[in-house]
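Asks: Heads up: the sequence lines are chains A and B, in that order.
Note that this note's numbering has the first sequence beginning at 2, numbered continuously upward.
Note that this note's numbering has the second sequence beginning at 1321, numbered continuously upward.
Let me begin by handing over the structure; questions about it come next.
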Amino acid sequence: MSDYAVLTRDLHKSYRTRHGRQVAVDGLDLRVPRGGVHGFLGPNGSGKTTTIRMLLGLVRADAGRIRVFDHTVPRDLPEVTRRVGAIVESPAFFPAFSGRRNLSLLARAIGTPQVRVDEVLEATGLLDRGGDRFKTYSLGMKQRLAIAATLLKDPELLIFDEPTNGLDPAGIHEIRGTMRRLADEGRTVLVSSHILAEVEQVADTVSIVGRGRLLASGTVADVIGDRVGAVRVSVPDPDAAAQVLAGAGLAVRADGQALLVEGERDPGRITWLLGTQGIWLRELVTVRPGLESVFLELTSGQGLPTQPGMTPPAPGMAAVGAQDTAPPAGHGDGSAR
Amino acid sequence: MRLLDAEIRRFHARRMLLVAALVGLAAVGLALYGTYSVTRPLSADQRAAAEQAYAAELANWEEHGDERIAQCLDAQALDREQSGDATLDYGCEQMGPPQEEWFVPSAPPLGAQLSGSLTGLTFVLGFLALLAGATFTAAEASSRSLSTWLTYEPRRGRVFATKVGAAGIGVVLPAGALLGMTVGGAVAIFALMGAPTTLTADGFSPVPDVVGRLLVMTVLLAVAAAGLGLLLRHTLAVLGLAFGWAIAVEGILGSAVPRLSPWLVLPNVSAWVNGSSDYYVPQCTVSAQGTACDYATHTLTMTHGGIYLAVLTTLLVTVSALAFRRRDLA
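Here is the structure:
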């Protein structure tokens, strides 16, 4: 048995458009480990949804291989589908039917006992509104109904495609908690998103894609790796401090009333440089690079046809292209770690 | 069977089916009103007026009947002489005194009335089957709930078969109910109005046949429409195609080229439901006097109509199934 719930190899997909062929997925090698939450990250149009659709057999790959739970997709979809629950983009159900009727029809189609319908409605907090029409549901309720629908199958792999789109903060928090809970139950959760902060908080492993290619993958820590963050410095006279630090060859920029010093691994050196000039610190905070800054770093060159120096990642490890590119200014996660 | 069961339940739960059933009920109501109109007894005033008119016409015939027959025979003889065609027949021998039923109508035989009412429902049932079948699948495709469905049952062949199958099976009950109401209502109205409800073998035998053929037509149209719904993914696209075809091809082209009638839908529907359907092909000859056209009558048989509809449905469903199996879904 493979360690991966999902494996793709050299996956390709392009669409015909009025302006010619548009490449959506371009040789994607995706590895989703069994168990835990795997973030599938990339900017809009990077091929995430197309990849998910290919995993589910909704879209046919032009080339490449897909394996889900060691089964070849789409050939073995009938065996795979009952182990996979998925919400692709916004939840789509029959709008004029109630939530309960929608689930009841799905349960009937897959031979799940009807009693399970109320169980999953209760599990997702929709039991009271189960009789209301789907089209009257709020976006959060629709998402919950979609999760309830996936639970009808008691799936081992759950795929959520941009699950928090349009949700309010409470809804986002709730979905995040649900994903974590499902992963803690031993399931694999594959969640695609372009909102990285939320994924970073819940994901165990991530894959970052851009222009249909894998840019990095591994645990969140692996992907962030030993990237140098920044140091936020508060001093009484920022201009003088900036001159001192710049004179020592450090990259300095203003960050409100403070200074942000980038590329310096040792905060002690900053303390020493300023102290020797009689500039005393009010505050010194190490800003660790977040997934977002890594993501932006990796995807910042996506306007280019290819990423020079990009190499396929080794399994389970981060493989990052363009490592000499500095994180874009102002995209640190902004929190002291 | 689980899939089919779920799809049939979904078909019957759709609001569009309820709307279609209400429209069908209205059509049945109109048909029954027609039955009521031809069976209700005349009021005393109407009867008196009708009898008066009959008496007046009878008196007129008795006074001038022989004269009219003679005039008719003279005109016939003159025309035979001028045309050189001794077979010309003006039907003068059939001229006779007016009959009372021409003025004081009585109810037609129940069988004839029923057949007329049922065939009158053909296009209503056809349209409703088209609507119910198309919207059943197209609404699902356009709302993307089809993709959700496929994440539960990925075998597209099965999904397709159960959807078009459910549309076909799903219309049997409502269509059967509407036809049953038409038959039962007509019998009840005849009985209430005191008209004879006995159905002779000649009169009754076509009724079950017509009901059966209407049901088959409804099922085929629903299946074809469901297939087209999956192919075109929008109800309006299916209806637009159907009406566009009906106007452009069946109407305009069919009128311009009557020889196409055996390959058009509406004449074949008519042949299937009514037992046969005639169409007329002009045969023109050009002479010194000008162009003279005669119309040759051709008949489409019920068998021709049935085979045509079955083959057409099979073709549409096959094309749709092939597209559905290969299509990328949003």
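Just so it is clear, CB atoms sit at the ideal spot from N, CA and C, and this is done for glycine as well.
Keep in mind the model is a prediction, meaning the values are calculated, not measured.
Applying the criterion that 16 or more other CB atoms from any shown protein chain within 10 Å of the CB defines a buried residue, is A:S218 buried or exposed?
Replies: Counted from its first residue, the first sequence places residue 218 of chain A at position 217. Buried is the call here.
Asks: Starting from A:Q278, follow its DSSP beta bridges and name the residues at the other end.
Replies: Within the first sequence, the letter at position 277 stands for residue 278 of chain A. In the DSSP output, where bridge partners are listed per residue, A:Q278 has none listed.
Asks: Here's a check: name, in chain order, each residue in its chain whose Cβ is nearer than 7 Å to the Cβ of B:I1328, leaving out the five neighbours to either side.
Replies: For this step, residue 1328 of chain B is matched to residue 8 along the second sequence. Answer for B:I1328: A1486, I1489 and G1490, listed in chain order.
Asks: Going by C-alpha to C-alpha distance, which of B:Y1599, B:A1608, B:G1625 and B:T1623 sits closest to B:A1616?
Replies: Here residue 1616 of chain B refers to the residue found at position 296 of the second sequence. Considering only alpha carbons, the answer is B:Y1599.
Asks: Tell me A:R134's beta-bridge partners as DSSP assigns them.
Replies: Here residue 134 of chain A corresponds to residue number 133 of the first sequence, with the count starting at 1. A:S99, per the DSSP bridge assignment.
Asks: Reducing DSSP to helix, strand and coil, say where A:G215 ends up.
Replies: Translated into positions along the first sequence, residue 215 of chain A becomes position 214. Correcting the residue type first, residue 215 of chain A is Leu in the shown sequence and not Gly. Note: A:L215 maps to strand in three-state DSSP.
Asks: With a 10 Å radius around its C-beta and 16 neighbouring C-beta atoms as the bar for buried, classify A:D17 as buried or exposed.
Replies: Taking the first sequence and counting its residues from 1, one reaches residue 17 of chain A at position 16. The displayed chain sequence assigns Arg, not Asp, to residue 17 of chain A. By the 10 Å Cβ count, A:R17 comes out exposed.
Asks: Does A:P34 come out as helix, strand or coil in the three-state DSSP assignment?
Replies: By one-based count along the first sequence, residue 34 of chain A stands at place 33. Strand, per DSSP.
Asks: Kindly list the residues whose CB is nearer than 7 Å to the CB of A:Q115, restricted to its own chain and excluding five residues on each side of it in sequence; keep chain order.
Replies: Your numbering for residue 115 of chain A matches position 114 in the first sequence. Here the set comprises S105 and A108.
Asks: Which class does A:H174 belong to by DSSP, given the choice of helix, strand or coil?
Replies: Here residue 174 of chain A corresponds to residue number 173 of the first sequence, with the count starting at 1. Reduced to three states, the DSSP call for A:H174 is helix.
Asks: From the beta carbon of A:V33, is the nearest beta carbon of chain B less than 9 Å away?
Replies: Start at 1 with the first residue of the first sequence, and residue 33 of chain A comes out as number 32. It does not: the Cβ of A:V33 has no partner Cβ on chain B nearer than 9 Å.
Asks: How should A:V221 be labelled, buried or exposed, when 16 other C-beta atoms within 10 angstroms of its C-beta is the threshold for buried?
Replies: In the first sequence, counting from the first residue as 1, residue 221 of chain A sits at position 220. It is buried - the Cβ of A:V221 has at least 16 other Cβ atoms within 10 Å.
Asks: Would you list, in sequence order, the uninterrupted beta strand (DSSP E) runs of no fewer than 3 residues that lie entirely inside the region 4-86 of chain A?
Replies: Listed in chain order, the complete beta strand (DSSP E) runs (minimum 3 residues) inside the region 4-86 of chain A are 5-18, 21-29, 32-34, 37-42, 64-69 and 72-74.
Asks: Out of B:P1602, B:G1595 and B:S1597, point me to the one whose CA is closest to B:P1578's CA.
Replies: Here residue 1578 of chain B is taken as the residue at index 258 of the second sequence, counted from 1. Of the candidates B:P1602, B:G1595 and B:S1597, the one whose C-alpha sits nearest the C-alpha of B:P1578 is B:P1602.
Asks: Taking Cβ-Cβ distances shorter than 7 Å, what residues in chain A pair up with B:A1326?
Replies: Start at 1 with the first residue of the second sequence, and residue 1326 of chain B comes out as number 6. Result: L106, R109 and A110.
Asks: Determine, for A:T125, whether the minimum Cβ-Cβ distance to residues of chain B falls below 9 Å.
Replies: Taking the first sequence and counting its residues from 1, the one referred to as residue 125 of chain A is at position 124. Chain B contact via Cβ: absent.
Asks: How would you write the range of the beta strand (DSSP E) that B:V1491 sits in, first residue to last?
Replies: As a first step, residue 1491 of chain B must be located in the second sequence, where it is residue number 171. Taken as a continuous stretch (DSSP letters only), B:V1491 belongs to no beta strand (DSSP E), being part of the alpha helix (DSSP H) at R1476 to L1512.
Asks: Say whether the region 34-49 of chain A touches the region 165-174 of chain A, bearing in mind that this needs 3 or more beta-carbon pairs closer than 8 Å, one atom from each stretch.
Replies: No, the region 34-49 of chain A is not in contact with the region 165-174 of chain A.
Asks: Could you pull out every residue in the same chain whose Cβ sits closer than 7 Å to the Cβ of A:G58, ignoring the five residues on either side in sequence?
Replies: The count along the first sequence starts at 1 and reaches residue 58 of chain A at position 57. So the list reads V74, P75 and L78, once near-sequence residues are dropped.
Asks: Once you ignore the five residues that flank B:S1581 on each side, which residues in its own chain have a CB closer than 6 Å to its CB?
Replies: Looking up residue 1581 of chain B in the second sequence gives position 261. So the qualifying residues of the chain are P1587 and Y1599.
Asks: Let me know if B:W1469 comes out buried or exposed under the rule of 16 or more other beta-carbons within 10 Å of its beta-carbon.
Replies: Working through the second sequence from its first residue, we reach residue 1469 of chain B at position 149. B:W1469 should be labelled buried.
Asks: Since B:L1323 meets chain A, which of its residues come closer than 8 Å, beta carbon to beta carbon?
Replies: If you number the second sequence from 1, residue 1323 of chain B lands on position 3. The contacting residues are A110.
Asks: Return the first residue and the last residue of the alpha helix (DSSP H) that B:V1536 is part of.
Replies: The count along the second sequence starts at 1 and reaches residue 1536 of chain B at position 216. Where B:V1536 is concerned, the enclosing alpha helix (DSSP H) stretches over P1526 to L1552.
Asks: Name the two residues that bound the continuous alpha helix (DSSP H) containing B:C1392.
Replies: The sequence position of residue 1392 of chain B within the second sequence is 72, counting from 1. Its alpha helix (DSSP H) spans residues A1364 to S1403.
Asks: For A:L260, which residues does DSSP report across the bridge?
Replies: The count along the first sequence starts at 1 and reaches residue 260 of chain A at position 259. DSSP lists A:V234 and A:A255 as partners of A:L260.
Asks: Out of B:L1323, B:D1648 and B:R1646, which has the shortest C-alpha to C-alpha gap to B:K1483?
Replies: Along the second sequence, one-based indexing puts residue 1483 of chain B at 163. Residue B:L1323 is the option with its Cα nearest to B:K1483.
Asks: Determine, for B:H1333, whether the minimum Cβ-Cβ distance to residues of chain A falls below 9 Å.
Replies: Walking along the second sequence from the start, residue 1333 of chain B turns up at place 13. Inspection of the sequence shows that residue 1333 of chain B is occupied by Ala rather than by His. Taking Cβ atoms only, chain A reaches closer than 9 Å to B:A1333, which makes this a yes.
Asks: Could you say which of B:C1604, B:S1426 and B:M1622 lies nearest to B:D1614 if we only look at CA atoms?
Replies: Translated into the one-based positions of the second sequence, residue 1614 of chain B becomes position 294. Checked all of B:C1604, B:S1426 and B:M1622; the closest Cα to B:D1614 is B:C1604.
Asks: Is it buried or exposed for A:I173, if we count other Cβ within 10 angstroms and need 16 for buried?
Replies: For the purposes of this step, residue 173 of chain A is taken as residue 172 along the first sequence, with counting starting at 1. A:I173 comes out buried.
Asks: Any beta carbon from chain A within less than 9 Å of B:L1649's own beta carbon?
Replies: Counted from its first residue, the second sequence places residue 1649 of chain B at position 329. Yes - at least one Cβ of chain A is within 9 Å of the one on B:L1649.
Asks: Indicate the three-state DSSP secondary structure (helix, strand or coil) for B:L1620 in the structure shown.
Replies: For the purposes of this step, residue 1620 of chain B is taken as residue 300 along the second sequence, with counting starting at 1. B:L1620 falls in the strand class under three-state DSSP.
Asks: Tell me where the beta strand (DSSP E) around A:T287 begins and ends.
Replies: Looking up residue 287 of chain A in the first sequence gives position 286. Per DSSP, A:T287 belongs to the beta strand (DSSP E) from E284 to V288.
Asks: Output the boundary residues of the alpha helix (DSSP H) element that contains A:F94.
Replies: For this step, residue 94 of chain A is matched to residue 93 along the first sequence. No alpha helix (DSSP H) holds A:F94; DSSP gives it neither H nor E.
Asks: Please list, in chain order, the chain B residues whose beta carbon lies closer than 7 Å to that of A:R17.
Replies: Taking the first sequence and counting its residues from 1, the one referred to as residue 17 of chain A is at position 16. By Cβ distance, chain B contributes nothing, its closest Cβ being about 10 Å from A:R17, past 7 Å.
Asks: Rounded to whole angstroms, what is the Cα-Cα separation between A:P316 and A:V38?
Replies: Position 315 of the first sequence, counted from the first residue, corresponds to residue 316 of chain A. Position 37 of the first sequence, counted from the first residue, corresponds to residue 38 of chain A. Annotation note: pLDDT 40 at A:P316 (below 50); position unreliable, no value reported.
Asks: DSSP three-state call for B:Y1472: helix, strand or coil?
Replies: Within the second sequence, residue 1472 of chain B is the residue found at index 152, counting from 1. The answer is coil: DSSP assigns B:Y1472 none of H, G, I, E or B.
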